[in-house]
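**Student:** In the numbering used here, the protein residues as written are 75 to 263.
(1) Between residue 234 and the ligand ADP, is the CB less than 7 Å from at least one heavy atom?
(2) Count the other CB atoms, across all protein chains shown, that sit within 10 Å of the CB of residue 251; report buried if there are 16 or more and exposed otherwise.
(3) Taking only beta-carbon atoms, is residue 256 less than 8 Å away from chain D?
(4) Report yes or no: do the segment 84–101 and the segment 223–230 share at least 3 C-beta pairs separated by less than 8 Å?
(5) Mind checking residue 156: buried by the 16 CB within 10 Å criterion, or exposed?
(6) Below 6 Å CB to CB, which residues in the same chain sit around residue 106 once its five sequence neighbours on both sides are set aside?
(7) So, are the CB atoms of residue 129 and residue 232 less than 8 Å apart?
(8) Just checking my contact of residue 127 with residue 222 at CB under 8 Å: how many whole Å lie between their CB atoms?
(9) Find the nearest neighbour of residue 256 within the set 92, 76, 219, judged by alpha-carbon distance.
(10) Distance, Cα to Cα, residue 136 vs residue 120?
(11) On the premise that residue 211 lies in contact with residue 138, defined as a C-beta separation below 8 Å, what is that separation, rounded to the nearest angstrom?
(12) When you compare only the Cα positions, how much space is there between residue 29 and residue 113?
(13) Taking the continuous alpha helix (DSSP H) assigned at residue 234, which residues delimit it?
(14) In angstroms with no decimal places, state the Cα-to-Cα distance between residue 115 and residue 78.
(15) Which of the three DSSP states is assigned to residue 78 in this structure?
(16) Restricting to Cα atoms, I'd like to know which of 100, 125, 84, 102 is closest to residue 215.
(17) Taking buried to mean at least 16 other C-beta atoms within 10 Å of its own C-beta, is residue 164 buried or exposed?
(18) What is the C-beta distance between residue 248 and residue 102, in whole angstroms, given that I count them as a contact (C-beta under 8 Å)?
See the structure below:
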């Protein structure tokens, strides 16, 4: 007479290859379907982060434009003086223009030297004295590699197999394994 453990093993053993084939087939089919979707989801997540950064920059630029419009409506003297100097090329009285061309990134920067007036406070439209109104209003969009990391696709053997020309073959092998797992076990003699 066989032991109880031997009876359990004898009962399970004929069905074990079927379950192994089912698990293998399900794994192969899941990998061929889920890896491309995961890669696409990963790329869309990266694009969403880039777009969020772009929206933040555009909101900052919109806020600057609103401040500029409000300063224009209130006739801000600093802003009007800057507009007259930068766009109309009018020099305020009591000032002298000094042009410097020593900076390698700038062809020539104009600075105002005021003699008879106390210095005025900057109103936020340009952090540097040589910056134009347009430069103070414009907020550049983020650049890849500088403001955010560039997109790097995943490179691995699994990705190459599940997204390349072998994908259909792998799915076919998974389907064959599934069909083999549903086959009935051999009859006991």
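Even for Gly, the Cβ is constructed at its ideal location relative to N, Cα and C.
**Tutor:** Reading from the atomic positions:
(1) What this structure holds is no ligand at all, so the ligand ADP is not there to describe.
(2) Position 177 of the chain shown holds residue 251. Result: buried.
(3) Although the question refers to chain D, the structure presented lacks it and comprises just one protein chain.
(4) No, the segment 84–101 does not touch the segment 223–230.
(5) Counting from 1 along the chain shown, the entry for residue 156 is found at position 82. Buried, by the Cβ-count rule.
(6) Within the chain shown, residue 106 is the residue found at index 32, counting from 1. These residues qualify, in order along the chain: 236, 241, 244, 245.
(7) Here residue 129 is taken as the residue at index 55 of the chain shown, counted from 1. Here residue 232 is taken as the residue at index 158 of the chain shown, counted from 1. Cβ atoms of residue 129 and residue 232: not closer than 8 Å.
(8) For the purposes of this step, residue 127 is identified with residue 53 of the chain shown, where counting begins at 1. For the purposes of this step, residue 222 is identified with residue 148 of the chain shown, where counting begins at 1. Between residue 127 and residue 222 the beta-carbon gap is near 6 Å, inside 8 Å, which marks them as a contact.
(9) What you label residue 256 is simply residue 182 of the chain shown in a count that begins at 1. Proximity to residue 256 across 92, 76, 219 peaks at 92, based on C-alpha coordinates.
(10) The residue given as residue 136 occupies position 62 in the chain shown. The residue given as residue 120 occupies position 46 in the chain shown. Between residue 136 and residue 120, the C-alpha separation is close to 24 Å.
(11) Within the chain shown, residue 138 is the residue found at index 64, counting from 1. Within the chain shown, residue 211 is the residue found at index 137, counting from 1. Separation of the CB atoms of residue 138 and residue 211 is rounded to 5 Å, and the pair is thereby assigned contact status at 8 Å.
(12) Summary: the structure shown does not reach residue 29, with the chain confined to residues 75 through 263, and so no result is reported for it.
(13) Mapped onto the chain shown, residue 234 falls at position 160. 231–237 is the span of the alpha helix (DSSP H), which, as asked, contains residue 234.
(14) Indexing the chain shown from 1 puts residue 115 at position 41. Indexing the chain shown from 1 puts residue 78 at position 4. Between residue 115 and residue 78, the C-alpha separation is close to 51 Å.
(15) Translated into positions along the chain shown, residue 78 becomes position 4. Here residue 78 sits in helix by DSSP.
(16) Stepping through the chain shown from its first residue, residue 215 is reached at position 141. It is 125 whose Cα lies nearest to the Cα of residue 215.
(17) Counting from one through the chain shown, the residue named residue 164 turns up at place 90. By the 10 Å Cβ count, residue 164 comes out exposed.
(18) Looking up residue 248 in the chain shown gives position 174. Looking up residue 102 in the chain shown gives position 28. Yes, residue 248 and residue 102 are in contact; Cβ-Cβ is about 3 Å, under 8 Å.
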